[in-house]
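What follows is a short report on a single structure.
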Amino acid sequence: MNSIARSESTPWDRQTGNRLLNVSRNLVLRTSFCLLLAGGFLAIYTDSVHAGELNAIWIEADATDQDYYVAFRGHFTLDEEMDVEIRTLGASWFVAWMDGQYFTEGPIRFSANHPQYESKRIRLNAGQHIIAAQVHHVGEETRMMPNLPPFFSCYVYVNGQQRPVDWKAFRLPGYQQCVRRISPILGWIEWCDTRQLPADWQSCAFDDSTWTEPVPVKPSIGKPAPSTIGLVQHFEHKLQPMGQGPLANTYGYERDDIPARFFLRDQKCDQVPSQGLWRRYDLGRVRLGYPDFTFDLPDGAIVQFAIAETLSHGRVAPYINLSTGPSCNLDHYVARGGRQTFRPLTPKSGRYLEVHVLVDPDSIRFVEERFIERGYHGQPEGDLQTGDPLLDRIWLTGVETYRACTEDALVDNPTRERGQWTGEVVSVGMDIASVTYRDLRLFRRGLIQAAECAREDGLVAGLSPGNILYMATFACQWVPACVHYYELTGDRAFLEEMYPAALRNLGAFEPFIKENALEDGAGWIFIDWGYVRNEGPADMAYNMHFLAALEAIIRWSDILGQSDALARFEKMAGDIRSNIKGWLTSQRLNSPEDWDKVGYHRLALALSLGLIESSQESACIEAVKRHMMRCFPNAPDAPRLADPTCENPQLITPYFAHFAFPPLIERGEMDYILNQYRTCWGWALGEDRTTWVEVFDTRWSHCHHWAGAPTWQLSRYLLGLHPRFDLGMNHFHFNLCPGSLRQVRGTLPLTTKDGSIRIEWERQGEALRYTLLTDAPLHIHNLPGEKAGHIRTVSANQRHEISIPVPSKSENAAQ
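So the number in our numbering is just where the residue sits in the sequence shown, counting from 1, plus 47.
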């Protein structure tokens, strides 16, 4: 069994990475997630490197098997203490050790034509060193990766020159192949008899002389480039059981129905003798990672770990809901006897962890119980305090849900899929990240990967780089998201790089434009769960997303000085806009019932795009609010969104608040929206939930960041600063919408440097005393009371106080 040693330190700091740690060894090799070994490691840190050639190896040529594990050991020698760069890449999941200590894992997901390797620099002592790696060849396409021929690549550089490494390889026995998929869109469970594994094979002292030399392989992939994101981090959580007791089997043979056998075990044993022990743990929230348990057990004891987002009838059910087929969120090991650490190679996700140990209960000894979380972000760099404990909890839940959904990509859910859907990258997640973290590289990379995986006609992918799918609405949203990324970062090079892809993407829609309306055919049209489209050949909500894309490409073309494209898209946008407005006029919006027939989604999008005449905005707003109040959770007896097949005009979702709420907030409805947060998201916090359910129903995913729109909306509108880095570095548009709150304080991270903006305000009569302290100079547009076009420059490290009249509804709308 692979054993991972650990330290008691705080999470690894991937920006500086120079935390020295003391690591001990016990009878079983334990590797450190802090990446340092007292006897060999002096410092480790990340670094950007130039693209290199691929040196790929495998244990055999022309591999045909699925679901097997290969161990590699690479020997190299240093004449003196020096900095060494290690580059790693693989076709499927691997974990690597340096001199017996945990070093890295991967790969970071990539498409076949655009692989990226991870690079780390490490300071090593003189002498011989061992790189050990365990690689799992899945042999199936998953949400994370395409199905590529197996390979592993790990090479050593010193002063920019590649050093020779003597590699040995061994196919690890003990793992039963193809026992059960985690789900049809994920990999395989681990079913391993650890007695058959070579003991301590990751250590420097292990004798690998009988292992074979690996063969060079040439996978059909592009030239590897360095990773464009930071390192994924590990966070240690020491565990205390929330429950424990005796255990006995009640169902079937061992592999008849593995998750059912686990779930149906007797955990009281008042009628049958105990065959083992169980313990259950609450991880506090949904987390992606690995149980890391040390036991003292007899030879042949069985250890099983199962994890789930929720408890079913008070216990862990190792099933994954809505996983597109049979699921099994469980791993199985046979102990070799004695003190031994168990940790799955592949991470899994859930909030509740349950371990079953099947052997004479009196012989079981738990030595250490931990969970190692895998995640991109640490503690948030932004914060918000509103004086309302429920609103503050809602804000923080959005942050924690977002954190739970980030690893080497922003994923929709860490349990069910771990897939990088473009709809996640282009919507709520980017805005949550912008108010909580400085590092937005996951979004840059996600937008680029969608373009790299585009269809032949140019339509960017709706899901990538594994299980690639094409969704017309996500392709529309990709265009304004690219411009929004530029607003958040000022990264003009990104706009220049993606512009050709944007032109091809929009070109993919043109064959389906008929009589100035975009009809079906370009790809899956997803507006929202439960959405009911209007009658006729053209879905008007889809057309509104397309119009938003056209307006964004007009801005984009103007920024880059592309006058020819500008004229073309202005004409197209004008035609689409006229057609939508004509459709709205045809609805004869004279009564509340007329507005209601147009539908919530179409009204909200029309309001945000300025398609509603100013004289009718009030009626439109009332219709949107009227719809929400008729839906669950506002109306407890309203229809429920029970599963993805539901279509009902009396539904709302957390996701669509990303589009529907800003136009209401900006038109003076902040108090109404705050009450929606309290009612609907307050309901979602029921039953001690600590991450957001995907929809307002508990039968879906229990960790979905795109339900977290309140987090970014509260930070942006209650603190008042909206990034406009397209106008220059650290430029912000001022739009404060306080509602009736009395005071607010919070922090916004600066994406341009290691620093932040600290803001607080409180009411003083008919005005707000607004105080700002920033670590870098800011340039603020649209401050109340100043001349049109004036830009207020705010110096760094000085406290600035501004008196602001309390904005009325009309003033909010004017901003």
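Beta carbons: idealized from backbone N, C-alpha and C, even for Gly.
Option in Thr737, Met129, Ile804 with minimal Cα separation from Ala173: For the purposes of this step, residue 173 is taken as residue 126 along the sequence shown, with counting starting at 1. For Ala173, the nearest C-alpha among the options comes from Met129.
- prompt: Is it true that the CB of Arg485 sits closer than 8 Å to the CB of Leu797?
  reply: By 1-based counting over the sequence shown, the position of residue 797 is 750. By 1-based counting over the sequence shown, the position of residue 485 is 438. Yes, these two residues count as a Cβ contact at 8 Å.
Reference Pro721, options Arg687, Thr692, Gln760, closest by Cα: Along the sequence shown, one-based indexing puts residue 721 at 674. Before going on, a small fix: residue 721 reads as Leu here, not Pro. Here the closest residue by C-alpha is Gln760.
message: By the DSSP assignment, the alpha helix (DSSP H) with His592 in it spans what residues?
response: By 1-based counting over the sequence shown, the position of residue 592 is 545. Note, His592: alpha helix (DSSP H), 587-607.
query: With distances taken between CB atoms, is the gap from Gly493 to Thr453 smaller than 8 Å?
result: Taking the first residue of the sequence shown as position 1, residue 493 is located at position 446. Taking the first residue of the sequence shown as position 1, residue 453 is located at position 406. For Gly493 and Thr453, no; Cβs fall outside 8 Å.
- prompt: Where DSSP assigns a beta bridge to Ile672, which residues make up the other side?
  reply: As a first step, residue 672 must be located in the sequence shown, where it is residue number 625. For clarity, residue 672 is Lys in the given sequence; the question names Ile instead. According to DSSP, Lys672 bridges with nothing at all.
message: Considering only their Cβ atoms, is the gap separating Leu815 from Val841 smaller than 8 Å?
response: As a first step, residue 841 is located in the sequence shown; it is residue number 794 there, counting from the start. As a first step, residue 815 is located in the sequence shown; it is residue number 768 there, counting from the start. The criterion of a C-beta distance shorter than 8 Å is not satisfied by Val841 and Leu815.
- request: Give the C-beta separation of Thr700 and Leu688 to the nearest angstrom, bearing in mind that I take them to be a contact with Cβ-Cβ under 8 Å.
  value: Within the sequence shown, numbered from 1, the residue matching residue 700 stands at position 653. Within the sequence shown, numbered from 1, the residue matching residue 688 stands at position 641. About 7 Å; that satisfies the 8 Å criterion.
- prompt: Where are the alpha helix (DSSP H) runs, 4 residues long or more, that stay fully inside the segment 153-227, in chain order?
  reply: Counting whole runs of 4 or more residues, the segment 153-227 contains no alpha helix (DSSP H) stretch at all.
- request: Leaving out five residues on either side along the sequence, give the residues of the same chain with a beta carbon under 6 Å from the beta carbon of Glu401.
  value: Start at 1 with the first residue of the sequence shown, and residue 401 comes out as number 354. Excluding positions up to five away in sequence, the list reads Arg327, Ala353, Val363.
- request: Tell me, please, whether the segment 777-788 touches the segment 497-517 by the rule of three or more beta-carbon pairs shorter than 8 Å.
  value: no
message: Buried or exposed, going by whether 16 or more other CB atoms sit within 10 Å of the CB of Lys561?
response: The residue you call residue 561 lines up with position 514 of the sequence shown. The residue is exposed, with fewer than 16 neighbouring Cβ atoms inside 10 Å.
message: My assumption, with CB atoms under 8 Å, is that Ile574 sits in contact with Gly755. Please give the rounded CB distance.
response: Position 527 of the sequence shown, counted from the start, is the residue given in the question as residue 574. Position 708 of the sequence shown, counted from the start, is the residue given in the question as residue 755. Going by Cβ atoms, the distance from Ile574 to Gly755 rounds to 19 Å, so no, they are not a contact pair.
- prompt: Is DSSP giving Ala707 helix, strand or coil here?
  reply: Reading the sequence shown from its first residue, position 660 is the one you call residue 707. If DSSP states are grouped into helix, strand and coil, Ala707 belongs with the helices.
- prompt: Helix, strand or coil: which one does DSSP assign to Gln426?
  reply: As a first step, residue 426 must be located in the sequence shown, where it is residue number 379. Coil, per DSSP.
- prompt: Which residues bound the beta strand (DSSP E) around Pro770?
  reply: Counting from one through the sequence shown, the residue named residue 770 turns up at place 723. Where Pro770 is concerned, the enclosing beta strand (DSSP E) starts and stops at 768-770.
- prompt: For the putative contact between Phe779 and Ile849, defined by C-beta atoms under 8 Å, what is the C-beta separation to the nearest angstrom?
  reply: The residue given as residue 779 occupies position 732 in the sequence shown. The residue given as residue 849 occupies position 802 in the sequence shown. Actually they do not touch by this definition, with Cβ atoms about 13 Å apart.
Cβ-based neighbour list, Val634, same chain, cut-off 7 Å, excluding 5 preceding and 5 following: Counting from 1 along the sequence shown, the entry for residue 634 is found at position 587. The question names Val, but residue 634 in the sequence shown is Gln. Around Gln634: Asp641, Lys644, Val645.
- prompt: With DSSP run on the structure shown, which of helix, strand or coil describes Pro639?
  reply: The count along the sequence shown starts at 1 and reaches residue 639 at position 592. DSSP, reduced to helix, strand and coil, places Pro639 within a helical segment of the structure shown.
- request: Spell out a yes or no on whether the segment 242-249 and the segment 455-466 are touching, meaning 3 or more CB-CB pairs, one atom from each, closer than 8 Å.
  value: The segment 242-249 is not in contact with the segment 455-466.
query: So what does DSSP say about Glu447, is it helix, strand or coil?
result: Within the sequence shown, residue 447 is the residue found at index 400, counting from 1. DSSP places Glu447 in helix when its eight states are reduced to three.
field: Cross-strand partners of Cys239 (DSSP beta bridge)
entry: Within the sequence shown, the letter at position 192 stands for residue 239. When DSSP reads this structure, Cys239 sits in a beta bridge with Tyr222, Tyr380.
- prompt: Within 10 angstroms of its Cβ, does Asn552 collect 16 or more other Cβ (buried), or is it exposed?
  reply: In the sequence shown, residue 552 corresponds to position 505, counting from 1. A residue is called buried when at least 16 other Cβ atoms come within 10 angstroms of its Cβ; Asn552 meets this threshold and is buried.
task: Report the residue from Asp343, Gln351, Pro320 whose alpha carbon sits nearest the alpha carbon of Arg941.
output: Past the boundaries of the shown model lies residue 941; the chain is included only from 48 to 862, so the question cannot be answered.
- prompt: How far does the beta strand (DSSP E) with Phe340 in it reach, from first residue to last?
  reply: Here residue 340 refers to the residue found at position 293 when the sequence shown is read from its first residue. Element bounds for Phe340: 323-344.
query: In chain order, what residues of the same chain have a beta carbon less than 7 Å from the beta carbon of Val75, not counting five sequence neighbours either side?
result: Residue 75 sits at position 28 when you count from the first residue of the sequence shown. Interpretation of Val75 is limited by its pLDDT of 30, a score under 50 that renders its predicted location unreliable; no figure is taken from the coordinates.
task: Please say whether His183 and Leu392 have beta carbons closer to each other than 8 Å?
output: As a position in the sequence shown, residue 392 is number 345, starting the count at 1. As a position in the sequence shown, residue 183 is number 136, starting the count at 1. Yes. Within cutoff.
task: Pull up the distance between the alpha-carbon of Leu774 and that of Glu534, whole angstroms please.
output: Within the sequence shown, residue 774 is the residue found at index 727, counting from 1. Within the sequence shown, residue 534 is the residue found at index 487, counting from 1. Rounded to whole angstroms, Leu774 to Glu534 spans 8 Å at the Cα level.
- prompt: Which residue or residues does DSSP assign as beta-bridge partners of Gln351?
  reply: On the sequence shown, residue 351 is found 304 positions in, with the first residue counted as 1. BP columns for Gln351 point to His379, His403.
query: Taking contact to mean at least 3 C-beta pairs separated by less than 8 Å, is the segment 283-296 in contact with the segment 117-137?
result: no
field: Spatial neighbours of Thr257 in its chain, beta-carbon cut-off 7 Å, leaving aside the 5 residues before and after
entry: As a first step, residue 257 must be located in the sequence shown, where it is residue number 210. So the list is empty, once near-sequence residues are dropped.
query: In angstroms, rounded to a whole number, what distance separates the CA positions of Glu188 and Ala835?
result: Start at 1 with the first residue of the sequence shown, and residue 188 comes out as number 141. Start at 1 with the first residue of the sequence shown, and residue 835 comes out as number 788. Rounded to the nearest whole angstrom, the CA to CA distance from Glu188 to Ala835 is 55 Å.
query: What are the boundary residues of the beta strand (DSSP E) that includes His284?
result: In the sequence shown, counting from the first residue as 1, residue 284 sits at position 237. Going by DSSP, His284 is part of the beta strand (DSSP E) stretching over 280-285.
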